[in-house]
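Just so you know, the protein sequences line up as chains A and B, in that order.
Those letters in the first sequence? Residues 1 to 338, per this note's numbering, in order.
Those letters in the second sequence? Residues 339 to 656, per this note's numbering, in order.
Notes follow the structure.
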Amino acid sequence: MTNVAFKKPLETYREDFTYANSEKAIKRFPFPYPEDQYMYSVNMEHHVRGETGSIYENTFDVDEHYLSEMEERRIVLEKDPDRFVTLSHMDLHQWDVLELLMESFAQDYPKYFSLTKDGDHWVWENHPLGIKHSFIFGDKSTLPCEPAEYITRQAQGDFVLMDQRDNDLYADTAMITCAADWSVPFDLGMSFMEWHGPVPLAHGMGVFERALKYLLMIRLGQPVRRLNWTLTINSRMDTSPEVYHEWGHERGSITPENVGEKIHLRVEVQTLFRLPRSNGMLFGIRTYLISMEDLCKNPLWAQRMHRVVKSLHPEIMDYKGITRYHKTLQDWLSQFDH
Amino acid sequence: MSTNFSHTARVIRADQVTPLIKHFSFERVDGKPFSPFSAGSHVVIGMNNGTNTHKNPYSLVGSSNNFMEYEIAVRLDSTGRGGSLFMHNNIELGSEIEIGNPYNLFPVYKPAKKHLMIAGGVGITPFMTYIDEMNLMHSNFELHYSVRDFENGAFAKELQDKYPNQVNLYIQANGVMANFNEILDNQPLGTHVYVCGPQQMVADALRIADEMGWPNSSVHSEEFKAPEPGNPFTVTLAKSDCKINVRSRESLLEALENANIEIPYSCRGGACGFCKTEVIDGEITHRDYFLTDAEKASGNCIMPCISRAQGDHLTLNI
Ligand code: FES
Chain A
1 MTNVAFKKPL ETYREDFTYA NSEKAIKRFP FPYPEDQYMY SVNMEHHVRG ETGSIYENTF
61 DVDEHYLSEM EERRIVLEKD PDRFVTLSHM DLHQWDVLEL LMESFAQDYP KYFSLTKDGD
121 HWVWENHPLG IKHSFIFGDK STLPCEPAEY ITRQAQGDFV LMDQRDNDLY ADTAMITCAA
181 DWSVPFDLGM SFMEWHGPVP LAHGMGVFER ALKYLLMIRL GQPVRRLNWT LTINSRMDTS
241 PEVYHEWGHE RGSITPENVG EKIHLRVEVQ TLFRLPRSNG MLFGIRTYLI SMEDLCKNPL
301 WAQRMHRVVK SLHPEIMDYK GITRYHKTLQ DWLSQFDH
Chain B
339 MSTNFSHTAR VIRADQVTPL IKHFSFERVD GKPFSPFSAG SHVVIGMNNG TNTHKNPYSL
399 VGSSNNFMEY EIAVRLDSTG RGGSLFMHNN IELGSEIEIG NPYNLFPVYK PAKKHLMIAG
459 GVGITPFMTY IDEMNLMHSN FELHYSVRDF ENGAFAKELQ DKYPNQVNLY IQANGVMANF
519 NEILDNQPLG THVYVCGPQQ MVADALRIAD EMGWPNSSVH SEEFKAPEPG NPFTVTLAKS
579 DCKINVRSRE SLLEALENAN IEIPYSCRGG ACGFCKTEVI DGEITHRDYF LTDAEKASGN
639 CIMPCISRAQ GDHLTLNI
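What follows is the structure, given as structure tokens:
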């Protein structure tokens with residue numbers, strides 16, 4: 001059974017940035033580079049359970065940052081309620097996701113979550129957040145908010161619910177409070193191509209056309225995953241375009257002295273699940289942050305990080321917003337690569 | 339990793355609902371619930387007749403809210419390859435079969451303002467779960483269902499009793515024919531049409547919709563067909579270095595399965611794309627709906643559930 005030592009007091013992802021990883025969290029960090037040189041690829045694999053203690057042990061990873069991340073989500077939503085948005089034809093998708101998350105949590109973390117079903121009468125308990133709620137599955141009026149909002153306020157990571165139609169996937173419901181700073185702002189109703197279109201160097205390779213075909217064929221009970229990464233200054237979860245004014249200038253704050261502490265590798269574990277009742281898809285984007293200092297405690301990671309940063313294609317650097325501090329970072333990392 | 343996973347299930351009800359259609363309900367032998375599924379989904383049923391296994395896709399017809407049971411309706415096709423005959427004659431209360439995970443090739447277009455369903459004969463089956471979902475979601479829908487005679491109209495009475503205002507029944511024996519021009523005329527903006535039934539009926543409905551200026555993207559039909567017999571041929575498997583004979587009444591996929599070679603599948607009718615297999619040598623007669631024209635012309639892949647060799651041999655890269 002999975003035990004989680006939830007961080008207390010709560011860590012912050014803004015202002016004083018008290019977020020930090022324990023030894024255990026560093027060890028299980030999803031280091032994303034299989035090679036010394038980074039090449040964009042869709043690299044999908046089946047989302048199957050991994051080793052005990054790893055981030056893949058359970059279907060959805062709940063870790064030591066759970067309470068802090070849920071508080072961060074609450075803060076973002078309080079300032080900007082539109083970070084959760086949905087279209088009216090998405091009800092079934094929403095219930096699908098509520099069921100998937102509740103069932104997975106209750107099954108994988110019985111110590112912290114429980115779900116009791118009596119027909120449509122369900123009782124959900126979330127001990128870490130102190131929630132106990134009885135509701136009728138399928139009846140929105142028995143929940144305090146939309147079903148997908150309700151459950152994703154209790155689950156780490158961003159979630160996009162996609163409707164499948166016309167041989168494409170449309171992002172028609174979304175909870176996005178920890179978006180990486182991709183250059184496309186998320187728009188409700190975007191198709192898969194519109195959303196992923198701007199990745200440089202990927203189009204010529206036809207990767208998205210192939211990826212979409214593959215995604216459309218994802219089957220029930222056979223989710224897939226892939227990793228994506230970028231760099232973020234400070235342990236800031238919310239680097240969405242809407243609040244660029246709050247974080248954009250931080251890219252200029254990097255000095256040789258603060259690289260290790262300020263620059264964070266940000267890894268997204270992206271998962272895709274076929275949703276049973278709606279035939280839609282859940283796109284989960286679970287973000288892990290680690291400071292360069294902590295990352296470089298692992299000599300193999302430190303060495304590879306240096307080589308990856310050194311060989312980055314300028315267009316990718318631009319897309320990921322790294323250009324401005326690239327040289328400072330590369331110089332700092334070179335101490336680990338002899 | 340195998341992608342064709344399935345559960346063993348037992349027949350808990352088998353009713354002859356019309357002279358040609360038998361309605362089956364199954365429960366899992368392990369007592370667990372089945373997965374929820376979306377309206378329009380099908381499952382593949384695997385039945386063993388002692389010498390080999392028939393695997394046929396059927397639309398789920400049961401309520402999309404009772405997952406202890408899955409239900410299907412099987413029309414007896416005496417000219418077919420024996421699967422439906424076997425279901426009718428040999429599968430009874432207590433029989434065990436294999437049932438695959440649901441997959442959907444005929445999904446409801448969720449943002450539609452109105453759903454207009456046109457069914458003929460056993461083509462009613464996917465709409466059973468459609469109507470269930472639309473009722474649940476309070477969607478605006480209309481069903482036009484043509485049957486030969488009342489006796490042959492599976493579920494006709496229950497549908498009419500339950501939805502008297504939405505269900506229109508056309509009994510051909512009484513000289514009542516569905517007029518697609520009238521049905522498709524004057525529908526509100528944002529209506530989507532779904533057609534399922536005999537090939538000719540589907541073709542007529544699609545043609546009329548097209549003539550009336552319906553956009554392609556608002557007209558949906560479930561396209562998958564059963565494999566047809568063809569000339570026998572041999573396949574060479576390059577990687578596993580062996581030869582298999584494909585008999586005239588079996589599909590390439592079935593021949594591979596009988597030789598214990600597992601290929602992913604879902605529809606077994608040329609639509610889902612799972613069985614796509616690389617061809618190294620030999621001419622192909624393509625019959626599927628999945629490959630693009632360019633892929634077909636390139637001649638380097640085949641959908642073995644439905645397509646065959648044009649000549650007497652094929653070499654596959656498996
Ligand atoms: S199994 Fe669906 S295309 Fe062959």
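The beta-carbon is built from N, C-alpha and C at its ideal position, and this holds for glycine as well.
Chain B contact residues for residue i, given Cβ-Cβ distances below 9 Å
{"i": "A/S240", "result": "The contacting residues do not exist; A/S240 stays about 26 Å from chain B at best."}
{"i": "A/N43", "result": "Going along chain B, no residue has its Cβ under 9 Å from A/N43, so there is no contact; the nearest lies around 17 Å."}
Cβ-Cβ distance between residue i and residue j below 9 Å
{"i": "A/K7", "j": "A/H65", "result": "yes"}
{"i": "B/V460", "j": "B/Y532", "result": "no"}
{"i": "A/L215", "j": "A/L129", "result": "no"}
{"i": "A/D158", "j": "A/S191", "result": "no"}
{"i": "A/R266", "j": "A/L231", "result": "yes"}
{"i": "A/W95", "j": "A/F137", "result": "yes"}
{"i": "B/I622", "j": "B/I656", "result": "no"}
{"i": "B/L398", "j": "B/T467", "result": "yes"}
{"i": "B/R351", "j": "B/L414", "result": "no"}
{"i": "A/D241", "j": "A/D181", "result": "The identity of residue 241 of chain A in the sequence shown is Pro, whereas the question assumes Asp. Going by C-beta atoms, A/P241 is nearer than 9 Å to A/D181."}
{"i": "A/C178", "j": "A/Y13", "result": "yes"}
{"i": "A/F29", "j": "A/D108", "result": "no"}
Proximal chain B residues relative to residue i, where beta-carbon distance stays under 7 Å
{"i": "A/H89", "result": "K448, P449"}
{"i": "A/S278", "result": "S376"}
Interface partners of residue i on chain A, CB under 9 Å
{"i": "B/N439", "result": "R219, L220, G221, Q222"}
{"i": "B/M475", "result": "H89, D91, L92"}
Environment of residue i [buried if 16+ CB atoms lie within 10 Å]
{"i": "B/L654", "result": "buried"}
{"i": "B/M550", "result": "exposed"}
{"i": "A/K341", "result": "For chain A, the structure presents residues 1 to 338; residue 341 of chain A sits outside this window and is missing."}
{"i": "A/L300", "result": "exposed"}
{"i": "B/N442", "result": "buried"}
{"i": "A/H264", "result": "buried"}
{"i": "A/Y325", "result": "buried"}
{"i": "B/V514", "result": "exposed"}
{"i": "B/V367", "result": "exposed"}
{"i": "B/N583", "result": "exposed"}
{"i": "B/S340", "result": "Caution is warranted here: a pLDDT of 45 is assigned to B/S340, below 50, making its placement in the model unreliable, and the coordinate value is therefore given only provisionally. That one is exposed."}
{"i": "A/H133", "result": "exposed"}
{"i": "A/M39", "result": "exposed"}
{"i": "B/N386", "result": "exposed"}
{"i": "B/A635", "result": "exposed"}
{"i": "A/Q37", "result": "exposed"}
Residues near residue i by beta carbon distance below 6 Å, same chain, minus five either side
{"i": "B/I521", "result": "H482"}
{"i": "A/R226", "result": "N43, M44, Q270"}
{"i": "B/V540", "result": "V533, S559"}
{"i": "B/M425", "result": "V412"}
{"i": "A/A106", "result": "F113, S114, L115"}
{"i": "B/R585", "result": "P570"}
{"i": "A/M237", "result": "Y13, E72, C178"}
{"i": "B/G458", "result": "S484, G535, P536, M539"}
Beta-carbon proximity list for residue i, same chain, < 7 Å, skipping 5 on both sides
{"i": "B/A450", "result": "G528, T529, H530"}
{"i": "A/E149", "result": "F84, M175"}
{"i": "B/V557", "result": "V531, L544, A547"}
{"i": "A/M102", "result": "L115, W124, I151"}
{"i": "B/F488", "result": "A494, I509"}
{"i": "A/P276", "result": "D96, L220"}
{"i": "B/V505", "result": "L481, Y483, L497, Q498"}
{"i": "A/E57", "result": "T2, R49, G50, E51"}
Listed by chain order, chain A residues near residue i by CB distance under 8 Å
{"i": "B/G418", "result": "Here the premise fails: no neighbours, minimum Cβ distance about 27 Å."}
{"i": "B/N442", "result": "N279"}
{"i": "B/F424", "result": "Within 8 Å Cβ-Cβ: nothing; B/F424 doesn't reach chain A, min ~27 Å."}
Contact set between residue i and chain B, taken where Cβ atoms lie within less than 8 Å
{"i": "A/R165", "result": "P445, Y447, K448, P449"}
Neighbour list for residue i in chain A, Cβ cutoff strictly below 7 Å
{"i": "B/F479", "result": "Those within 7 Å of B/F479 in chain A number zero; the least Cβ separation is about 14 Å."}
{"i": "B/G611", "result": "M217"}
{"i": "B/S555", "result": "D166"}
Own chain partners of residue i with C-beta closer than 8 Å, once the 5 adjacent residues on each side are dropped
{"i": "A/L10", "result": "L67, S68, E71"}
{"i": "B/F343", "result": "G438, N439"}
{"i": "A/H338", "result": "none"}
(message) Considering only heavy atoms of the ligand FES and the C-beta of each residue, which residues fall inside 6 Å, strictly closer?
(response) B/Y603, B/S604, B/C605, B/R606, B/G608, B/A609, B/C610, B/G611, B/F612, B/C613, B/D626, B/F628, B/M641, B/C643
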